[in-house]
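Colleague:
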Amino acid sequence: MCVVGSINADLVVHTARHPQPGETLLGSGGTITAGGKGANQAVAAARLGAQVSFVGAVGSDAYATPAMHYLQASGVDLTHVEASEEVTGLAVITVDKQGENTIIVVPGANALVDAPFVTTHSSPITESELILLQGEVPAEGCAKAIELAKGRVVVNLAPVIEVEKEALLRADPLLANEHEAGLILEQLGLSSEGAPEELARRLTEAGFASVVLTLGARGALVAEGLSLSTFPPRRSPPSTRRARAMPSPARCARDYSTATTSWRPPPLPLELGLTPSLEKAHRRPTPISRASFPANYSPRSWERRFSSFFSTSAAMFSW
36 MCVVGSINAD LVVHTARHPQ PGETLLGSGG TITAGGKGAN QAVAAARLGA
86 QVSFVGAVGS DAYATPAMHY LQASGVDLTH VEASEEVTGL AVITVDKQGE
136 NTIIVVPGAN ALVDAPFVTT HSSPITESEL ILLQGEVPAE GCAKAIELAK
186 GRVVVNLAPV IEVEKEALLR ADPLLANEHE AGLILEQLGL SSEGAPEELA
236 RRLTEAGFAS VVLTLGARGA LVAEGLSLST FPPRRSPPST RRARAMPSPA
286 RCARDYSTAT TSWRPPPLPL ELGLTPSLEK AHRRPTPISR ASFPANYSPR
336 SWERRFSSFF STSAAMFSW
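Here the sequence shown stands for residues 36 to 354, numbered as in the numbering used here.
(1) With DSSP as the reference, label ALA206 as helix, strand or coil.
(2) Enumerate in chain order the residues of its own chain whose CB-to-CB distance from GLU121 is below 6 Å, with the five nearest sequence positions on each side excluded.
(3) Please list, in chain order, all residues of the same chain as ALA92 whose beta carbon is under 8 Å from its beta carbon, the five residues on each side excluded.
(4) Enumerate in chain order the residues of its own chain whose CB-to-CB distance from GLU215 is below 7 Å, with the five nearest sequence positions on each side excluded.
(5) Quick one: complete alpha helix (DSSP H) runs, 4+ long, within the segment 79-129?
(6) Going along the chain, which residues of its own chain have a beta-carbon closer than 6 Å to the beta-carbon of VAL127, five neighbours each way excluded?
(7) Do you know offhand how far GLY170's Cα is from GLY40's?
(8) Taking THR100 as the reference, which of THR114, ALA69 and THR129 has the closest Cα?
(9) Nearest-angstrom Cα distance between PRO180 and VAL141?
(10) Which of the three DSSP states is assigned to PRO284 in this structure?
(11) Of the residues GLN133, ALA97, GLY134 and ALA74, which one's Cα is nearest the Cα of ALA108?
(12) Helix, strand or coil, according to DSSP, for SER245 in the structure here?
(13) Comparing C-alpha positions only, which one of GLN86, VAL198 and THR50 sits nearest to ASP131?
(14) Inspect the beta-carbon positions of HIS53 and THR123 and report whether they are closer than 8 Å.
(15) Relative to the alpha-carbon of LEU261, which residue among PRO268, ARG237 and GLY251 has its alpha-carbon at the smallest distance?
(16) Give me, in chain order, the residues of the same chain whose beta-carbon lies closer than 6 Å to that of GLU213; leave out the 5 immediate sequence neighbours on both sides.
(17) May I ask which residues mark the beginning and end of the alpha helix (DSSP H) holding ALA235?
(18) What residue range does the alpha helix (DSSP H) around VAL153 cover?
(19) What three-state label does DSSP hand GLU213 in the structure shown?
(20) Going by C-alpha to C-alpha distance, which of GLY224, THR239, LEU113 and GLU199 sits closest to ALA211?
(21) Can the beta-carbon of ALA235 be found less than 8 Å from the beta-carbon of LEU248?
(22) For LEU165 versus VAL189, is the C-beta spacing smaller than 8 Å?
(23) So, at 8 Å on beta carbons, what are the nonlocal neighbours of SER226 in its own chain, with the 5 sequence-adjacent residues on each side left out?
(24) Give the single residue among THR137, GLY217, ILE67 and VAL172 whose Cα lies nearest to the Cα of GLN55.
(25) Keeping to the same chain, check which residues put their C-beta closer than 6 Å to that of LEU183; ignore five residues upstream and five downstream.
(26) When the distance is taken between beta carbons, is GLU259 closer than 8 Å to SER245?
(27) Among LEU250, ALA77, LYS72 and THR114, which one has its Cα closest to the Cα of THR155?
(28) Looking at the unbroken beta strand (DSSP E) that takes in ALA174, where does it start and where does it end?
(29) Can you give me the C-alpha to C-alpha distance between MET36 and LEU106, rounded to a whole angstrom?
(30) Distance check for GLU58 and ALA252, CA to CA, integer angstroms please.
(31) Who does ALA69 pair with in a DSSP beta bridge?
(32) Among ALA77, VAL172 and CYS177, whose alpha-carbon lies nearest the alpha-carbon of LEU203?
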């Protein structure tokens, strides 16, 4: 397969809340990670075992290295990724304490992936069985890639850009979320109102062979012809790892009692030159004075206290 898409560096900042216009807030984070919808999807496909080629562009700046890291590590063919004098694409992501985020994307070198660029790097597009595109490169570049494609075309139009209708209708499937589906319908001159099922059906009626509508925590809808299927979110299977055995409260209390009633110090350094009798006296177990315990101390009372403590801990934590 061939991915024609974006390569970004993601700058992530965390803050208690999003600033108001003109306001300055303190935040944390500032880490740079690999991103870009095209790069993310290429890495995911490669890790699932696909042979993936990538058509795109990065800058020659410091952001290029982190932006390319996972593409290189995943074995994606980067023969057709150009290094340009433009800055590498950058996404500035601000996340508040509720997890809500805002994202500003600077296209940078991604803006170079236009029709002439795609034509220059056409060989992996024409030779691949599947072409995957997104909306983070110029619309003319998307349209040209679709025109050159001889295999199946999958379009994840995010963000929604104005691609020629004839080219866009070759998507099989068209992949979008609810909001994007509404914008695509408006772009086609159709109503964007209605439930997700209505949006999916309206898109297939507009001419798409198939549509995958992602619904976040509710899963996804797949529309193909007159059929409409719902897929709930996939949940991870329960862990089969055996829980670590916790010592019994009585065992913990006994260990504590043993440790606190007899203590054996470590060997003294040889350079002190102790006689054998002094060394033997030093190593003799030394009972701890009862004065160091509360007046009402008894081993049984402390065993009961530790039993209560460890029983409460077992209820609070997973061991």
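Note that the Cβ used here is the ideal one computed from N, Cα and C, for glycine as well.
Note that the coordinates shown come from a computational prediction; the quantities given were computed from them, not determined experimentally.
Modeller: If we stick to the structure as given:
(1) coil
(2) By the criterion of a C-beta distance shorter than 6 Å, GLU121 is surrounded in its chain by GLY94, GLY143 and ALA144, once the five residues flanking it on both sides are discounted.
(3) ILE42, VAL116, GLU117, ALA118, SER119, GLU121, ALA144, ASN145, LEU147, VAL148 and PHE152
(4) LEU192, ALA193 and VAL195
(5) 99-108
(6) LEU46 and ILE139
(7) 8 Å
(8) ALA69
(9) Pro is not the amino acid found at residue 180; the sequence shown has Ala there. Each residue's alpha carbon lies about 22 Å from the other.
(10) Low confidence applies here, because PRO284 scores a pLDDT of 49, under 50, leaving its location unreliable; read the following figure in that light. Three-state result, PRO284: helix.
(11) Among GLN133, ALA97, GLY134 and ALA74, the Cα nearest to that of ALA108 is on ALA74.
(12) strand
(13) THR50
(14) no
(15) ARG237
(16) PRO231
(17) 231-240
(18) It spans 150-155 - the alpha helix (DSSP H) in which VAL153 sits, taken as one unbroken run.
(19) GLU213: helix per DSSP, three-state reduction.
(20) Of the residues GLY224, THR239, LEU113 and GLU199, the one whose Cα lies closest to the Cα of ALA211 is THR239.
(21) Note that the C-beta distance between ALA235 and LEU248 is below 8 Å.
(22) Against a cut-off of 8 Å, the Cβ pair of VAL189 and LEU165 comes out as a contact.
(23) So the qualifying residues of the chain are LEU220 and ARG237.
(24) THR137
(25) SER157, ILE160 and THR161
(26) In this structure, GLU259 lies closer than 8 Å to SER245 by Cβ.
(27) THR114
(28) That residue, ALA174, is in no beta strand (DSSP E); its alpha helix (DSSP H) goes 174-183.
(29) 14 Å
(30) Distance between the alpha carbons of ALA252 and GLU58: 33 Å.
(31) ALA44
(32) For LEU203, the nearest C-alpha among the options comes from CYS177.
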